[in-house]
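Student: Have a look at this one.
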Amino acid sequence: PRKNGETIGAWLEGVNYHRIYSFLVTSRWDERALESIRIRQQVQQTRRLPADERGPGLLIIDDTGLPKQGRHSVGVARQYSGTLGKVGNCQVVVSACYADDQSHWPVTNRLYLPRQWADNPTRRESARIPAEVGFQTKPQIALDMVDDSLEKNVPFDAVTADAGYGGNPGFLAGLEARGLPCVVAVPSTFGVRLSDKTVQPAYTGRGRPPKALPMASVETAQAVLDRLPEKEWQTLTFGEGSRGLQTRRAAAVRIYRAHGNTTGPIGWLIGERSMPGREQEEKYFFSTFPEETPIADLIRWGHRRWVIERFFQDAKELCGMDEYQGRYWQGLHRHLVVVNLAYTWLLHLRAQEKILDEGPSLNGKGLASFPGSSLRSAWRWWLQRVQRMVILVLTCSSDFLRQLFAT
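Each residue of the sequence shown is one higher than the one before, counting from 1 in full-length UniProt numbering.
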């Protein structure tokens, strides 16, 4: 069945819609405290492995659309959704996941609130939006998530994100101000300079002395990489996620990110192309990792975004991430906290091998470890057995939730 309150209430004996509604909307419990408990337990479990065994930890930022039919659910608007692949009526949720070489898990989620909601007192009141919540861009929300993850000691060493964040100068400047390296996808039009040298314009004697201007012009990432000779492109094989091993051609050059008259710190501009005879989209990455970092590692970390993409898919299919039917700010965020809890619970069950002997083995590096058709068949089997566990999480008391990961 669908994993919303109405359907669950009709499907599960002893539970009704009003009880679920009360749990998510009117009952008194602190969803932020619950999320902190879950994150603390995940951090402790992650740190049980030595750092050299788990490899660099990445905080992965992305957003996903939750399609809606009406216009009253908090934050719903006609806006672009990568889930839909177009502009559509939806909510957009910004999310963060942690991933290293051995594990991955969701960190947090927050609704993006469009201006037509943030600046409308009537809509704010109807959706019970807290007074302290104002308009923020998605990159600004992402930086808040970075700060929250740092405060909660999530053991990440760097940040990765898609081009919607990597192409945003404010987001990159925010990471640099926090001393956090990154490897992010960027658009082909991403601005770079090959030098950070400046020139001081002559002073005319009137007004303030002019600021120094960059000597090098701004170029696009595509233009710089297109000029590289063929010998600079190397063949790399890497593979994580459902696509398995991939072979691509890659090249990298040291540049300075640039936006207008602003020149950022030096970093890597990385290009990725398909092998001859194959038609695949060219990809571009920017990274502030040190010069000695192997290009193969940068590309592998840049492609680790598949973890959060897979999380979105699995959280929707298994845990009903996109099936919340309420209209209120707190209700939606409580729902998202419980979705993360249920998903993390499934990860724990896999890790502890608490599965039935007759079922497929979940011995990969997470719920997203099945390739191809075996993934689909495993999900069909697993969904039948996991729904009751998810429902129990949705209907249990806050005291039980607090103790869930303490064992």
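Backbone N, C-alpha and C define an ideal beta-carbon position, used for all residues, glycine too.
As the structure is a prediction and not an experimental result, all values here were calculated from the model.
1. What I want to know is whether the C-beta of A315 ends up closer than 7 angstroms to one or more non-hydrogen atoms of the ligand GTP.
2. So P110 and V92 are in contact, right, with Cβ under 8 angstroms, and what is the actual spacing, rounded?
3. Name the residue from S103, Q79, V74, S81 whose alpha carbon lies nearest to the alpha carbon of G55.
4. Just the Cα atoms here: how many angstroms apart are W233 and R257?
5. Do you know whose CA, among D162, L143, V192, V183, lies nearest E171's CA?
6. Output yes if chain B places a C-beta closer than 8 angstroms to the C-beta of E219; else output no.
7. What does the Cβ neighbour count give for G191, buried or exposed, with the cut at 16 atoms within 10 Å?
8. Report the three-state DSSP secondary structure of T288 (helix, strand or coil).
9. Once you ignore the five residues that flank P114 on each side, which residues in its own chain have a CB closer than 6 angstroms to its CB?
10. Between P121 and V74, what straight-line distance do the alpha-carbon atoms span, to the nearest angstrom?
11. Is it right to say N363 is buried, meaning 16 or more other beta carbons lie within 10 angstroms of its own, or is it exposed?
12. In chain order, what residues of the same chain have a beta carbon less than 8 angstroms from the beta carbon of W117, not counting five sequence neighbours either side?
13. Just how far apart, CA to CA, sit E279 and I39?
14. Say whether the stretch 26 to 40 touches the stretch 329 to 342, bearing in mind that this needs 3 or more beta-carbon pairs closer than 8 angstroms, one atom from each stretch.
15. Using alpha carbons as the reference points, say which of A163, D63, A131 lies closest to T83.
16. One question on the structure: do T220 and I60 come within less than 8 angstroms of each other, judged by their Cβ atoms?
17. Under 6 angstroms Cβ to Cβ from D322, same chain only, skipping five residues before and after it: list those, please.
18. For the candidate residues T344, I266, Q246, T262, whose alpha-carbon lies nearest to that of V253?
19. Who are the Cβ neighbours of A368 in its own chain at under 6 angstroms, not counting the five residues just before and after it?
20. Go through its chain and collect everything with a Cβ distance to K86's Cβ below 8 angstroms, but skip five positions before and after it.
21. Assuming contact is defined by CB atoms lying nearer than 8 angstroms, are S195 and A173 in contact in what I supplied?
22. Can you list the beta strand (DSSP E) stretches of 3 or more residues lying completely in the stretch 116 to 169, in chain order?
23. Starting from the C-beta of W329, find all residues in its chain whose C-beta is less than 6 angstroms away, skip the five residues before and the five after it, and write them out in chain order.
24. So what's W29 in DSSP terms, helix, strand or just coil?
25. Can the beta-carbon of R334 be found closer than 8 angstroms to that of E31?
26. Are P155 and V43 touching if we call contact CB-CB under 8 angstroms?
27. According to the Cβ coordinates, are G164 and V186 closer than 8 angstroms?
Tutor: With the structure as the only source:
1. With respect to the ligand GTP, the structure offers nothing, as it holds no ligand at all.
2. Within the sequence shown, the letter at position 110 stands for residue 110. Within the sequence shown, the letter at position 92 stands for residue 92. Sequence check: residue 110 is Arg here, not Pro. So it is not a contact: roughly 10 angstroms between Cβ atoms.
3. Counting from one through the sequence shown, the residue named residue 55 turns up at place 55. Cα-wise, what sits closest to G55 is S103.
4. Within the sequence shown, the letter at position 233 stands for residue 233. Within the sequence shown, the letter at position 257 stands for residue 257. Between W233 and R257, the C-alpha separation is close to 21 angstroms.
5. In the sequence shown, residue 171 corresponds to position 171, counting from 1. It should be noted that the sequence gives Phe, not Glu, for residue 171. Of the listed residues, the one whose Cα sits closest to F171 is L143.
6. Among the protein chains of the structure shown there is no chain B, as only one such chain exists.
7. Within the sequence shown, the letter at position 191 stands for residue 191. Label assigned to G191: buried.
8. As a position in the sequence shown, residue 288 is number 288, starting the count at 1. Three-state DSSP puts T288 in coil, outside helix and strand.
9. If you number the sequence shown from 1, residue 114 lands on position 114. Cβ within range, chain order: A77.
10. By 1-based counting over the sequence shown, the position of residue 121 is 121. By 1-based counting over the sequence shown, the position of residue 74 is 74. Using only the alpha carbons, I get a separation of about 13 angstroms.
11. Start at 1 with the first residue of the sequence shown, and residue 363 comes out as number 363. Low local confidence applies: a pLDDT of 35 at N363 is under 50, so the model's placement there is unreliable, with the coordinate-based value given in what follows. So N363 counts as exposed.
12. Residue numbering aside, residue 117 sits at position 117 when the sequence shown is read from its first letter. For W117, where only same-chain residues beyond five positions count, the Cβ hits under 8 angstroms are V74, G75, A77, R123, R124, A127, I129.
13. Against the sequence shown, residue 279 aligns to sequence position 279. Against the sequence shown, residue 39 aligns to sequence position 39. Distance between the alpha carbons of E279 and I39: 41 angstroms.
14. yes
15. By one-based count along the sequence shown, residue 83 stands at place 83. Of the listed residues, the one whose Cα sits closest to T83 is D63.
16. The count along the sequence shown starts at 1 and reaches residue 220 at position 220. The count along the sequence shown starts at 1 and reaches residue 60 at position 60. No, these two residues do not count as a Cβ contact at 8 angstroms.
17. As a working mapping, residue 322 is identified with position 322 in the sequence shown. L66, K316, listed in sequence order.
18. Position 253 of the sequence shown, counted from the first residue, corresponds to residue 253. The candidate whose alpha carbon is nearest that of V253 is I266.
19. If you number the sequence shown from 1, residue 368 lands on position 368. Because the pLDDT of A368 is 44, which lies under 50, any placement of that residue in the model is unreliable, and the number read from its coordinates should be weighed accordingly. Around A368: R310.
20. The count along the sequence shown starts at 1 and reaches residue 86 at position 86. Cβ neighbours of K86 beyond the five flanking positions: Y80.
21. Numbered from 1 along the sequence shown, position 195 holds the residue referred to as residue 195. Numbered from 1 along the sequence shown, position 173 holds the residue referred to as residue 173. For S195 and A173, no; Cβs fall outside 8 angstroms.
22. 158 to 161
23. Here residue 329 refers to the residue found at position 329 of the sequence shown. Closer than 6 angstroms at Cβ, skipping near neighbours: V74, A127, R128, I129.
24. Your numbering for residue 29 matches position 29 in the sequence shown. It is coil, neither helix nor strand.
25. Against the sequence shown, residue 334 aligns to sequence position 334. Against the sequence shown, residue 31 aligns to sequence position 31. Yes, the Cβ-Cβ distance between R334 and E31 is below 8 angstroms.
26. Here residue 155 refers to the residue found at position 155 when the sequence shown is read from its first residue. Here residue 43 refers to the residue found at position 43 when the sequence shown is read from its first residue. In this structure, V43 lies closer than 8 angstroms to P155 by Cβ.
27. Residue mapping note: residue 164 aligns to position 164 of the sequence shown, counting from 1. Residue mapping note: residue 186 aligns to position 186 of the sequence shown, counting from 1. Not in contact: G164 and V186 (Cβ atoms no closer than 8 angstroms).
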